[in-house]
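Worksheet for the structure shown next.
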Amino acid sequence: MTAPEGAPTRIDTSRPHPARVYDWWLGGKDNYPVDEELARRILAVDGTVLRGARANRRFMQRATRTAAEAGIRQFLDIGTGIPTEPNLHQVAQSVAPDAKVVYADNDPIVLRHAQALLHGTAEGTTDYVHADARDPETILRLAGESLDFTRPVALSLVALTHYLGDDPDGDDVHGLLKKYVDALAPGSYLVLSQVTPDLSPEAIAKAAEHFRRSGTPFFPRSLTEFHHFFDGLELLGPGVIPVYGWRPDPEDVAAQAEGIVPVYAGVARKS
Numbered sequence: 326m327t328a329p330e331g332a333p334t335r336i337d338t339s340r341p342h343p344a345r346v347y348d349w350w351l352g353g354k355d356n357y358p359v360d361e362e363l364a365r366r367i368l369a370v371d372g373t374v375l376r377g378a379r380a381n382r383r384f385m386q387r388a389t390r391t392a393a394e395a396g397i398r399q400f401l402d403i404g405t406g407i408p409t410e411p412n413l414h415q416v417a418q419s420v421a422p423d424a425k426v427v428y429a430d431n432d433p434i435v436l437r438h439a440q441a442l443l444h445g446t447a448e449g450t451t452d453y454v455h456a457d458a459r460d461p462e463t464i465l466r467l468a469g470e471s472l473d474f475t476r477p478v479a480l481s482l483v484a485l486t487h488y489l490g491d492d493p494d495g496d497d498v499h500g501l502l503k504k505y506v507d508a509l510a511p512g513s514y515l516v517l518s519q520v521t522p523d524l525s526p527e528a529i530a531k532a533a534e535h536f537r538r539s540g541t542p543f544f545p546r547s548l549t550e551f552h553h554f555f556d557g558l559e560l561l562g563p564g565v566i567p568v569y570g571w572r573p574d575p576e577d578v579a580a581q582a583e584g585i586v587p588v589y590a591g592v593a594r595k596s
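If you're matching positions, the sequence shown starts at 326 in our numbering and goes up one per residue.
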C-alpha cells in the first residue's frame with residue numbers, strides 16, 4: 326500500500342465524487358446522499374447510464390484478460406474507483422498469478438476500501454497509490470516502487486478521460502496521456518473508454534450539464550476526438566468501437582440487446 330504523506334483521509338460528503346456516483350450506478354453501497362442525488366438526476370435524463378457502468382466494468386475485464394493472455398504481467402489502473410468484483414487484479418492474476426497490479430485513485434473512500442479489499446495472489450503483488458490522475462509524476466514515481474517501467478505495462482484509464490479537459494493550461498488530457506505513455510516500455514498496452522455524444526446526443530448533453538453543475542467537469546467526445554488518444558500507437562482489433570462490441574463475450578453480446586451504450590472503447594499497443 327502506497328500513499329504520499331498527508332494524503333487526505335477525510336471524505337468530503339458535501340459534493341459528489343465520480344467514483345461514488347459510479348458506485349451507485351453499479352448498485353454499490355459506498356456512496357452518500359449527495360452522490361445518489363446526482364446519480365439519479367443523470368439517470369433521469371440518460372437511461373443508458375446503468376448499463377453503461379456495467380459495460381465499462383465488463384470492458385475492463387476483457388481488456389485486462391486480453392493483455393494478460395498476451396504476456397503482460399504488470400498493470401497500472403488509474404481512476405480505479407470503488408472495488409467491485411471481479412476487480413482488475415483478480416482478472417489479471419486469474420490468467421497470470423504472478424501479475425503485479427497497482428491501482429491509483431484520489432478519493433479517500435477508495436483508499437479505505439483498497440486497504441481492506443485489494444489482496445492479490447501469493448505469487449503476484451497488488452498495491453495502491455493515493456494520487457490524482459492529473460499528477461502523472463507522482464503516480465509514476467509511486468507505482469515504480471512496485472512496477473518495472475523498463476518492461477511492458479498495461480495502463481488502464483477506463484471511464485476516466487471524460488472527466489479531463491483539453492485545455493493545455495488546464496487538465497490537458499492529451500498532455501497527460503502522453504506523459505503516461507512516454508513512461509511505458511515498448512510492448513505496453515493503453516486501455517481507454519470514453520463517453521460520447523455521437524450515439525445519444527441530447528441525453529449526453531443533459532447528463533454533462535448535471536455533472537458540471539455539481540462541480541464535476543465532464544467532456545464527452547466524438548469518435549474522431551477519442552481516436553486521437555491512440556495516436557502513435559497500434560490499435561488492437563476491432564479498433565475503436567462502442568464498448569459492448571470490443572471483443573465481446575457471449576453475455577456481452579446478449580447485453581447489446583438492452584440498447585445502446587454511448588461509450589467508445591479501445592486498446593492499443595506501444596511499439
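By construction, the Cβ of each residue, glycine as well, lies at the ideal position given by its N, Cα and C atoms.
| query | result |
| --- | --- |
| Identify which residue in Gly352, Asn356, Trp350 has its Cα closest to the Cα of serine 339. | Asn356 |
| Buried or exposed for proline 343, please, with buried defined as at least 16 other CB atoms from any protein chain shown within 10 angstroms of its CB. | buried |
| What's the C-alpha gap between aspartate 556 and leucine 502? | 10 Å |
| Going by Cα to Cα distance, which pick from Trp350, Arg376, Ala378 is closest to arginine 365? | Trp350 |
| Taking the continuous alpha helix (DSSP H) assigned at isoleucine 367, which residues delimit it? | 358 to 370 |
| Under the assumption that valine 592 contacts tyrosine 569 (Cβ atoms under 8 Å), give the Cβ distance between them as a whole number of angstroms. | Contact doesn't hold; Cβ gap of about 15 Å is too wide. |
| Count the other C-beta atoms from every protein chain shown that fall within 10 angstroms of the C-beta of histidine 438, then say buried if there are 16 or more, exposed otherwise. | buried |
| In the structure shown, what three-state DSSP assignment does glycine 591 receive? | strand |
| Please check the pair proline 522 and serine 547, which I expect to be a contact at CB under 8 Å, by giving their CB distance rounded to whole angstroms. | 7 Å |
| Apply the 10 Å Cβ neighbour rule to proline 461 and answer buried if 16 or more other Cβ atoms are within range, or exposed otherwise. | buried |
| Return the chain-ordered list of same chain residues with a C-beta closer than 8 Å to the C-beta of proline 329, the five sequence neighbours on each side being excluded. | At proline 329, the pLDDT of 45 sits below 50, so the modelled position is not reliable; the number obtained from the coordinates is stated separately. These residues qualify, in order along the chain: His455, Ala456, Thr463, Leu467. |
| Compare the beta carbon distance of valine 420 and arginine 383 with 8 Å and say whether it is the shorter of the two. | no |
| Near glutamine 386, what residues of its chain come up, given a Cβ to Cβ distance below 7 Å and the 5 sequence neighbours on each side ignored? | Pro411, Val416 |
| Pick helix, strand or coil for glutamate 559, following the three-state DSSP scheme. | strand |
| Could you tell me whether the region 424 to 435 touches the region 395 to 402, where touching means 3 or more Cβ pairs closer than 8 Å? | yes |
| Could you give the distance in angstroms between the alpha-carbon of asparagine 431 and the alpha-carbon of arginine 335? | 12 Å |
| Would DSSP call isoleucine 397 helix, strand or coil? | coil |
| Considering only C-alpha positions, which residue in the set Ile434, Thr373, Thr409, His553 is nearest to glycine 352? | Thr409 |
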